[in-house]
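The structure appears below as structure tokens.
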Amino acid sequence: MKAGLGAGLLGMGLLAGMVGAQANSTSAQSGAAQVQTVQVKLKEWTLGMQTVNIKGTAARFEVENDGQYPHAFKLEGKLGNQNFEIATPVLRAGEKSVLLVKLPAGTYEADCPVGDHEERGMKNTVVFGKK
């Protein structure tokens, strides 16, 4: 899936924002919703994370390009019967971005959408709603 997202996706429960940040995998209380923070260190040819199990349905992916080449971080899957994808901008070496995401319980794919990076191993699974 290389196509972009329309604004209608926000109405389906996906929230994304981009700011600079850095932290380890932790949880933070935000009102009634708990947001789990996941650190993603992009580097040739890894996302720098294992399969991620998000306990709730909200996550903050703090993404940093620790590699030499441009990379990005993308989540994709299905919401109902509609495919979605959301990604950081392409990050140069040392650049950072954050994706704030709220998704229903389920399994989603994470990868680097730049060139053939996914095929070279920059992919993994993210599970939301894991108890």
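The sequence shown runs -23 to -1, 1 to 108 under mature numbering (1 follows the signal peptide of the UniProt record, and there is no 0).
All residues carry an ideal CB built from backbone N, CA and C; glycine is no exception.
Please read all numbers here as calculations on a predicted model, not as lab measurements.
field: Spatial distance of Leu13 from Pro81 (CA atoms)
entry: Residue identity differs from the one stated: residue 13 is Gln in this sequence, not Leu. Approximately 14 Å, taken between the alpha carbons.
query: How big is the Cα-Cα spacing for Gly57 and Tyr85?
result: 13 Å
field: Distance, Arg97 Cα to Val75 Cα
entry: 23 Å
- prompt: Are Ala49 and Val103 closer than 9 Å when you measure CB to CB?
  reply: no
- prompt: Going along the chain, which unbroken runs of the beta strand (DSSP E) with 3 or more residues stay wholly within the stretch 5 to 55?
  reply: 10 to 19, 29 to 31 and 35 to 42
- prompt: Does the beta-carbon of Thr28 have 16 or more other beta-carbons within 10 angstroms, so that it is buried, or is it exposed?
  reply: exposed
field: DSSP-derived helix/strand/coil call for Glu86
entry: strand
task: May I ask which residues mark the beginning and end of the beta strand (DSSP E) holding Ala64?
output: Gln59 to Ala64
query: For His94, which residues of its own chain have a beta-carbon under 7 Å away from its beta-carbon, when the five flanking residues on both sides are left out?
result: Trp22 and His48
field: Nearest to Asp43 (by Cα), restricted to the options Phe61, Thr65 and Ala70
entry: Ala70
field: Sequence-distant residues of the same chain with beta carbon closer than 8 Å to Lys100, five excluded per side
entry: Leu24, Glu86, Ala87, Asp88 and Cys89
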